[in-house]
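In full-length UniProt numbering, the protein residues as written are 1 to 343. Using N, Cα and C, we set each Cβ at its ideal position, and we do this for glycine too. The structure appears below as structure tokens.
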Amino acid sequence: MLKEPRDVPYPGRERLPGGTIPKHLDWHRKEEKEHLKGVQDPQHERIITVSTNGSIHSPRFPHTYPRNMVLVWRLVAVEENVWIQLTFDERFGLEDPEDDICKYDFVEVEEPSDGTILGRWCGSGTVPGKQISKGNQIRIRFVSDEYFPSEPGFCIHYNIVMPQFTEAVSPSVLPPSALPLDLLNNAVTAFSTLEDLIRYLEPDRWQLDLEDLYRPTWQLLGKAFVFGRKSRVVDLNLLKEEVRLYSCTPRNFSVSIREELKRTDTIFWPGCLLVKRCGGNCACCLHNCNECQCVPSKVTKKYHEVLQLRPKSGVRGLHKSLTDVALEHHEECDCVCRGHTGG
Numbered sequence: 001m002l003k004e005p006r007d008v009p010y011p012g013r014e015r016l017p018g019g020t021i022p023k024h025l026d027w028h029r030k031e032e033k034e035h036l037k038g039v040q041d042p043q044h045e046r047i048i049t050v051s052t053n054g055s056i057h058s059p060r061f062p063h064t065y066p067r068n069m070v071l072v073w074r075l076v077a078v079e080e081n082v083w084i085q086l087t088f089d090e091r092f093g094l095e096d097p098e099d100d101i102c103k104y105d106f107v108e109v110e111e112p113s114d115g116t117i118l119g120r121w122c123g124s125g126t127v128p129g130k131q132i133s134k135g136n137q138i139r140i141r142f143v144s145d146e147y148f149p150s151e152p153g154f155c156i157h158y159n160i161v162m163p164q165f166t167e168a169v170s171p172s173v174l175p176p177s178a179l180p181l182d183l184l185n186n187a188v189t190a191f192s193t194l195e196d197l198i199r200y201l202e203p204d205r206w207q208l209d210l211e212d213l214y215r216p217t218w219q220l221l222g223k224a225f226v227f228g229r230k231s232r233v234v235d236l237n238l239l240k241e242e243v244r245l246y247s248c249t250p251r252n253f254s255v256s257i258r259e260e261l262k263r264t265d266t267i268f269w270p271g272c273l274l275v276k277r278c279g280g281n282c283a284c285c286l287h288n289c290n291e292c293q294c295v296p297s298k299v300t301k302k303y304h305e306v307l308q309l310r311p312k313s314g315v316r317g318l319h320k321s322l323t324d325v326a327l328e329h330h331e332e333c334d335c336v337c338r339g340h341t342g343g
């Protein structure tokens, strides 16, 4: 990526003859001084007390922001038992990423309680989604380097959220670790690939987490294979075959792992697996049978390797690991008479 020469003036710094700043830029300078006051040092942050709705933005928003900046804001709610929600303005544009990584100009949101980066954004392709704190504080950091400033920059609106009402909020609004377990389970189920799921759970380190999942450990894994069993080839005519399809036979059913294992304290992905279970009717049962039921006559347990998500003890977050779950499969089924007619 070619970098812009250092001695090229950037937008917003032009002057009139004699060094006078144009009037249309003078308000930018005043505002910039306000934002720069005490926050140019990366270790220093500007504290903003939050008691009502408000917003912060890059200097000169929605015009080109200055170069060589490090601005840090810490939003602190007046009340302790509340959360802070951030909503990005639809006008969003920073320097484009390189190799899908925001290396140069970016804005990021951090959870002060544990230092977790909730997200880092740049470019102008999509507007960042809503973010919400885990407590009554949240930190925002804006960085620009010496090259290629963009516009319009960013503007973030903030407001207070009461924790007791958060279950009504869309799962995409809340950080995963802040969701109740049942609501998180619903959110996890919606993802179609493991990569997308890990991106959602750990947006700042999803690649590392994905690698860690498949890193060899001392634990014995690999039981998650299903022994193939060829169906018996039977010479039946078409009518007989149709009857067999609807009679008592093993057939595919999708089952919820949490319900099967009665593990309401854990989330699994995929949340449902395909198993063989007896199903169909028993029309050809004995004529004097009052109640004929389709029941398994041969049951085996098969192991399936899945992703397991469990809350960490004592701290907010999720422990991720691959684990084997054993589910019952019905290999053979029979019609069994549960009652006989009198006579």
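Alpha helix (DSSP H) containing residue i: first to last residue?
i: residue 187; result: 181–189
i: residue 257; result: 257–261
i: residue 211; result: 206–213
Which partner residues of residue i appear in the DSSP bridge assignment?
i: residue 131; result: 86
i: residue 108; result: 120, 141
i: residue 296; result: 333
i: residue 147; result: According to DSSP, residue 147 bridges with nothing at all.
i: residue 326; result: 303
i: residue 247; result: 281
i: residue 252; result: 276
i: residue 78; result: Looking at the DSSP assignment, residue 78 forms no beta bridge with any residue, so it has no partner.
i: residue 311; result: 318
i: residue 268; result: 308
Where does the unbroken beta strand (DSSP E) through residue i begin, and where does it stop?
i: residue 198; result: From DSSP, residue 198 is part of no beta strand (DSSP E) but of the alpha helix (DSSP H) over 194–201.
i: residue 94; result: It is not in any beta strand (DSSP E) - residue 94 carries neither H nor E in the DSSP assignment.
i: residue 116; result: 116–121
i: residue 55; result: 54–57
i: residue 44; result: Where residue 44 is concerned, there is no enclosing beta strand (DSSP E), given that its DSSP letter is neither H nor E.
i: residue 345; result: A query on residue 345 cannot be resolved here, the shown segment of the chain reaching from 1 to 343 and no further.
i: residue 277; result: 272–279
i: residue 159; result: 155–161
Looking at residue j and residue i, is the spacing between their C-beta atoms short of 8 Å?
i: residue 302; j: residue 327; result: yes
i: residue 94; j: residue 109; result: no
i: residue 64; j: residue 149; result: yes
i: residue 197; j: residue 121; result: no
i: residue 267; j: residue 210; result: no
i: residue 290; j: residue 247; result: no
i: residue 335; j: residue 292; result: yes
i: residue 331; j: residue 250; result: yes
i: residue 105; j: residue 145; result: yes
i: residue 128; j: residue 88; result: yes
i: residue 187; j: residue 179; result: yes
i: residue 318; j: residue 183; result: no
i: residue 325; j: residue 274; result: no
Could you say which of the options lies nearest to residue i if we only look at CA atoms?
i: residue 254; options: 313, 316, 153, 329; result: 329
i: residue 214; options: 305, 281, 296, 192; result: 305
i: residue 57; options: 158, 249, 274, 267; result: 158
i: residue 61; options: 113, 92, 81, 250; result: 92
i: residue 130; options: 295, 293, 160; result: 160
i: residue 81; options: 53, 133, 105, 107; result: 133
i: residue 143; options: 107, 321, 125, 181; result: 107
i: residue 338; options: 322, 312, 294; result: 294
i: residue 208; options: 68, 243, 83, 320; result: 320
i: residue 113; options: 135, 97, 104, 331; result: 135
i: residue 199; options: 118, 53, 139, 325; result: 118
i: residue 252; options: 263, 243, 278; result: 278
i: residue 44; options: 125, 83, 139; result: 139
i: residue 185; options: 307, 322, 315; result: 307
i: residue 83; options: 316, 183, 162, 314; result: 162
i: residue 102; options: 256, 90, 125; result: 125
i: residue 90; options: 322, 156, 314; result: 156
i: residue 55; options: 245, 123, 154; result: 154
i: residue 212; options: 322, 98, 100; result: 322
i: residue 68; options: 147, 137, 115; result: 147
i: residue 243; options: 276, 98, 283; result: 283
i: residue 72; options: 111, 152, 123; result: 111
i: residue 152; options: 203, 66, 98, 333; result: 66
i: residue 203; options: 116, 99, 333; result: 116
i: residue 189; options: 258, 123, 141; result: 258
i: residue 312; options: 193, 265, 123, 70; result: 265
With a threshold of 7 Å (Cβ to nearest heavy atom), would residue i be considered close to the ligand PLP?
i: residue 307; result: As far as ligands go, the structure on display features none, and thus does not contain the ligand PLP.
Segment contact, 8 Å Cβ cut-off, at least three pairs: the segment 73–83 with the segment 49–63: With the cut-off at 8 Å, the segment 73–83 and the segment 49–63 touch.
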